[in-house]
Amino acid sequence: MENSGSPYASSPENAARRSEQPRSPEEEDKEKPTQVRFLVSNTAAGCIIGKGGQTINEFQSESGARIQLSRSHEFFPGTSDRIILISGFYDDIMKAIELILRKLLDEAAEETTDSEARTKVRLVVPNSSCGGIIGKGGSTIKAFIEDSNAGIKISPQDNNYAGLHDRLVTITGPFDRQMHAIDLILNKLMDDVHYPHNLSTPFPYPGYGPPMGYMTPSSPYNSTNYGNSGHGGRYPGNKGNVMRSPASSNQEGNDSKTIGVADEHIGAVVGRSGRTITEISQVSGARIKISDRGDFIAGTTDRKVTITGTTDAVHTAETMIMQRVQASSERDN
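Right under this line is the structure:
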């Protein structure tokens, strides 16, 4: 059931023709604006934003799509992951997704020696549109899996959160197979009259805030701060917004907290050549110091990680560090 017209077919030959033979929906839908949402961790969000928003602005300029992120405390209900909203025309959205996923894949490759390590993509899709992806008796999703050679799973409807009308479509596999699957799914969604094509915010869950015990950070990565930089994109930037550093939060004074991180997970926190810890520090605005090898918290084999900054910055950095530790632990298991 190979679809030779798709730029995301699983063979390397077809994948290499991405820029030469772009696939679009029917011609009349090609210029119809739409949107797609998917989840990323706080740490991955920092990687996509880049220092001072440089990376996300470059991605917007290169793709022509608008890319917004939920704030650092706005998580998809039941998870600790933020939401990315990509808006624009079909080809622009697919280009933006490609840029983002390649960036995340490159980052993952730098942090692990496992050549088979792959990122997974979790699309946020309304309940009302999931039926079209599944198809009668599961026929459509089976066809998508066979066509793309990617893994595609749809989460059950979650009734634990009142007002949550979205489900997660998880796509796994090598990069080109993931892109092929996203291509098929987005085409299907664009034909769905019930699918919302004009969301204005990546986080349409006003009743859900940070989890209990979590201090809301004053992060500069407000979803409205990153309009297109104006170089070739279709969406004007929000020039009226002033980007603030977390360190310039209204909350004055410094806070300090020491947490323990198992010695075997310190590498995941530091990253290659210190890139990860530098990124966490830049995104959160906190200063982070890790004890020397052998300098453990008394009675444990945990290294001491001391985080200093405003209360907001400390909590943001701690959350990002623990996400890295959790990801490292999951890889080890």
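Heads up: the sequence shown begins at 1 in full-length UniProt numbering, then just goes up one per residue. No residue lacks a Cβ here, since even glycine has one placed at the ideal position from N, Cα and C. Note that the structure is predicted; figures quoted are calculated from it, not measured.
Reducing DSSP to helix, strand and coil, say where residue i ends up.
i	result
Arg71	coil
Phe38	strand
Ser200	coil
Arg177	helix
Ser284	helix
Ala45	helix
Ala327	helix
Ser87	strand
Gly131	helix
Asn222	Confidence is the limiting factor: at Asn222 the pLDDT is only 31, short of 50, which leaves the residue's position unreliable and the question unanswerable from this model.
Arg66	strand
Lys103	helix
Gly274	helix
Lys188	helix
Lys32	coil
Glu98	helix
Output needed for residue i: all residues of its chain with C-beta closer than 6 Å, excluding positions within five of it in sequence on either side, in chain order.
i	result
Ile86	Val36, Ala65, Ile67, Ile93 and Ala96
Ile145	Ile152
Lys304	Thr258, Ser291 and Ile297
Ala268	Arg324 and Ser328
Gln326	none
Our contact map puts residue i next to residue j with C-beta atoms below 8 Å; I'd like the distance itself, whole angstroms only.
i	j	result
Leu168	Ser155	4 Å
Val124	Leu186	Actually they are not in contact, since the Cβ atoms of Val124 and Leu186 sit about 13 Å apart, beyond 8 Å.
Leu101	Thr119	7 Å
Asp192	Gly132	5 Å
Lys136	Ile48	With 8 Å as the limit, Lys136 and Ile48 do not qualify as a contact, their Cβ atoms being about 37 Å apart.
Lys289	Thr311	In fact, because the Cβ distance is near 18 Å, the residues do not count as touching under 8 Å.
His194	Ser129	6 Å
Given residue i, which residues of its chain have a CB within under 8 Å of its CB, disregarding the five upstream and five downstream residues?
i	result
Leu199	Gln35, Arg37, Leu85 and Ser87
Asp302	Gly260, Val261, Ala262, Asp263 and Phe296
Thr276	Thr43, Glu111, Ala268, Val269, Val270 and Arg324
Considering Cα atoms alone, identify which of the options is closest to residue i.
i	options	result
Tyr161	Thr55, Ala298 and Gly78	Gly78
Phe175	Ser273, Asp106 and Phe89	Asp106
Ser284	His315, Arg272 and Val121	His315
Phe89	His197, Lys136, Asn159 and Gly137	His197
Gln60	Ser80, Phe75 and Asp91	Asp91
Ser41	Arg71, Gly294 and Gln178	Arg71
Thr140	Gly173, Gln178, Ile266 and Lys188	Lys188
His265	His194, Met322 and Lys142	Met322
Pro204	Glu74, Gly46 and Gly53	Glu74
Arg331	Ala108, Thr172 and Arg82	Ala108
State the start and end residues of the unbroken beta strand (DSSP E) segment that holds residue i.
i	result
Val270	Not the beta strand (DSSP E): Val270 falls in the alpha helix (DSSP H), residues Ile266 to Val270.
Ser256	Asp255 to Ala262
Thr172	Asp166 to Thr172
Pro126	Val121 to Pro126
Ile307	Asp302 to Gly309
Gly299	That residue, Gly299, is in no beta strand (DSSP E); it is neither H nor E in DSSP.
Lys153	Gly151 to Ile154
For the alpha helix (DSSP H) that residue i lies in, which residues bound it at each end?
i	result
Ser63	Gln54 to Ser63
Lys142	Ser139 to Ser148
Only counting the same chain, and skipping five residues up and downstream in sequence, which positions put a Cβ closer than 7 Å to that of residue i?
i	result
Thr300	Gly260
residue 338	Since the first residue of the chain shown is 1 and the last is 333, residue 338 is not available in this structure.
Leu184	Phe144, Asp147 and Ser148
Gln157	Asn127 and Arg167
Gly81	Looking at the sequence shown, residue 81 is not Gly but Asp. Within the same chain, Asp81 has close Cβ partners Leu39, Val40, Ser41 and Phe75.
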